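Going by our numbering, the sequence shown wraps up at 354, each residue one higher than the last.
Report on the following structure.
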Amino acid sequence: MPLVSMRQLLDEAAKGGYGVGAFNVNNMEQIQSIMEAARETQSPVIVQASRGARAYSQDRFLYHLMIAATELYPEIPTVLHLDHGNSVETCKSAIDMGFTSVMMDGSLLADGKTPSSFEYNVDVTRQVVELAHAKGVTVEGEIGCLGGIEDGHGSGGSGLEHVTDPVQAEEFVKQTGVDALAIAIGTSHGAYKFSKKPSGDTLKMDILIEIHKRLPNVHLVMHGSSSVPQELQDVINKYGGKLNPTFGVPVEEIQLGIKNGVRKINVDTDNRLAITGAIRKVFIESPEKFDPRDYMKPAREAMKKVVATRMTQFGQAGHAKDYAPIPLSEMVKRYASEAVPA
Ligand SMILES: [Zn+2]
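Structure, rendered in structure tokens:
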């Protein structure tokens with residue numbers, strides 16, 4: 013099956029009342045981990061690449077690895093999504109290459125750091141929606157700013173500094189016509205999300221619920237949603253790493269989000285931790301080894317385990333064969349028949 017549109021995956025997830033993990037990749041092994049986890053759990057899947065990942069992999073390497081994934085795992089509905097596009101041009105280049113979904117993060121200016129105005133955000137996002145929908149490609153927007161910095165992208169701060177205003181969120185969707193909306197309810201990018209174990213009110217779930225009430229048909233996205241499990245931190249520190257104590261987003265909080273309209277959950281840090289821990293273990297336990305496969309294989313296996321666990325926890329497991337893919341050409345017609353955003 014060819015790469016499919018994210019809109020279809022998320023529409024199906026909404027019908028089934030489950031969430032879909034979106035996992036970041038930079039290389040072949042990470043893609044293999046995700047696809048193996050998807051096959052093992054029979055899950056539809058979103059694979060995403062940031063600007064940093066596109067630069068690291070020279071873009072075309074990554075794209076062709078994803079085409080290989082669709083050939084080797086034809087039964088898995090697979091989306092290739094651009095994470096945090098910083099400008100209309102970045103999104104356009106991803107669409108031209110064959111990404112089936114793009115994020116236009118107009119909550120920040122093109123520098124990827126400075127919070128923008130509502131008007132700027134609407135303007136750039138609407139341009140991307142026009143470009144993307146004309147090719148059947150899905151668009152995720154962002155309103156409010158997430159905390160932390162990853163791959164040089166982010167406003168920094170705690171994640172509670174620019175929490176999404178539900179009224180603005182509704183207006184933003186009306187004016188842009190985005191398919192999915194990333195909201196800021198207290199999550200942050202990177203490993204250092206919370207310095208103590210989050211309690212039930214650390215994340216602004218009431219805001220999430222209010223946004224879902226106002227926008228019942230928009231797929232909500234939780235960024236910075238790694239759980240940063242203690243056992244993954246322990247492996248790294250046991251084998252010579254130096255991570256400071258940190259806490260991520262508890263899986264139960266994500267599951268509560270899924271009950272309230274969250275359909276896409278971004279996970280990157282947990283996989284990075286799993287890979288690094290596995291590699292460190294080989295280096296310390298078998299210092300005589302020097303074949304990269306000796307540590308890349310366990311690294312791939314460790315990431316696969318994390319991804320498969322999240323797929324089960326988010327509820328996407330078992331849903332790979334629920335539906336036939338809608339070609340992007342058909343998505344073009346569907347978008348054309350919808351009312352054009354104001
Ligand atoms: Zn993000």
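Heads up, the beta-carbon is just placed ideally off N, CA and C, and yes, glycines get one too.
Treat the numbers as computed from the prediction; the structure is a model and nothing was measured.
What are the boundary residues of the beta strand (DSSP E) that residue i is part of?
i, result
"Thr150", "150 to 155"
"Leu232", "231 to 234"
"Met115", "113 to 116"
"Val100", "No beta strand (DSSP E) contains Val100, which is instead part of the alpha helix (DSSP H) from 100 to 109."
"Ala144", "It is not in any beta strand (DSSP E) - Ala144 instead sits in the alpha helix (DSSP H) that spans 130 to 145."
"Ala34", "32 to 36"
Determine the direct distance from the alpha carbon of residue j to that of residue i, and round the result to whole angstroms.
i, j, result
"Lys345", "Ile338", "11 Å"
"Asn272", "His224", "6 Å"
"Gly118", "Asp95", "12 Å"
"Ile219", "Gln70", "39 Å"
"Ala336", "Ser298", "47 Å"
"Lys317", "Gly289", "13 Å"
"Asn98", "Glu300", "44 Å"
"Phe295", "Tyr307", "8 Å"
"Leu22", "Glu87", "17 Å"
"Ala122", "Gln180", "21 Å"
"Leu232", "Leu15", "22 Å"
"Gln20", "Ala144", "15 Å"
"Ile248", "Gly202", "16 Å"
"Gly164", "Gln54", "34 Å"
"Ala196", "Leu158", "5 Å"
"Ala50", "Pro56", "7 Å"
"Lys147", "Phe111", "10 Å"
Does DSSP put residue i in a helix, in a strand, or in coil?
i, result
"Ala329", "coil"
"Thr90", "strand"
"Asp95", "strand"
"Phe295", "helix"
"Ile197", "coil"
"Val58", "The displayed chain sequence assigns Ile, not Val, to residue 58. Here Ile58 sits in strand by DSSP."
"Asn278", "strand"
"Ala122", "coil"
"Ala28", "What sits at residue 28 in the sequence shown is Gly, not Ala. Reduced to three states, the DSSP call for Gly28 is helix."
"Gly289", "helix"
"Gly269", "helix"
"Ala203", "coil"
"Pro413", "Examination of residue 413 is not possible in this model, given that the chain is present from 13 through 354 alone."
"Gly162", "The identity of residue 162 in the sequence shown is Glu, whereas the question assumes Gly. In this structure, Glu162 counts as strand in the three-state DSSP scheme."
Tell me which residue opens and which closes the alpha helix (DSSP H) that residue i is part of.
i, result
"Ser349", "340 to 349"
"Phe302", "Note, Phe302: premise wrong, no alpha helix (DSSP H); not H, not E."
"Ala336", "Element bounds for Ala336: n/a, residue is neither H nor E."
"Met13", "Counting along the chain, Met13 falls outside any alpha helix (DSSP H), and DSSP gives it neither H nor E."
"Lys186", "178 to 188"
"Asp71", "Unbroken run through Asp71: none, as it is neither H nor E."
| request: Count the C-beta pairs between the stretch 64 to 81 and the stretch 30 to 47 that are closer than 8 Å, then say yes if the count reaches three, no if not. | output: yes
| task | Count the C-beta pairs between the stretch 244 to 251 and the stretch 103 to 113 that are closer than 8 Å, then say yes if the count reaches three, no if not. | result | no
| query | Do the stretch 135 to 153 and the stretch 172 to 190 touch if we need at least three Cβ pairs shorter than 8 Å? | reply | yes
| Is the stretch 251 to 264 close to the stretch 206 to 217, with three or more CB pairs under 8 Å? | yes
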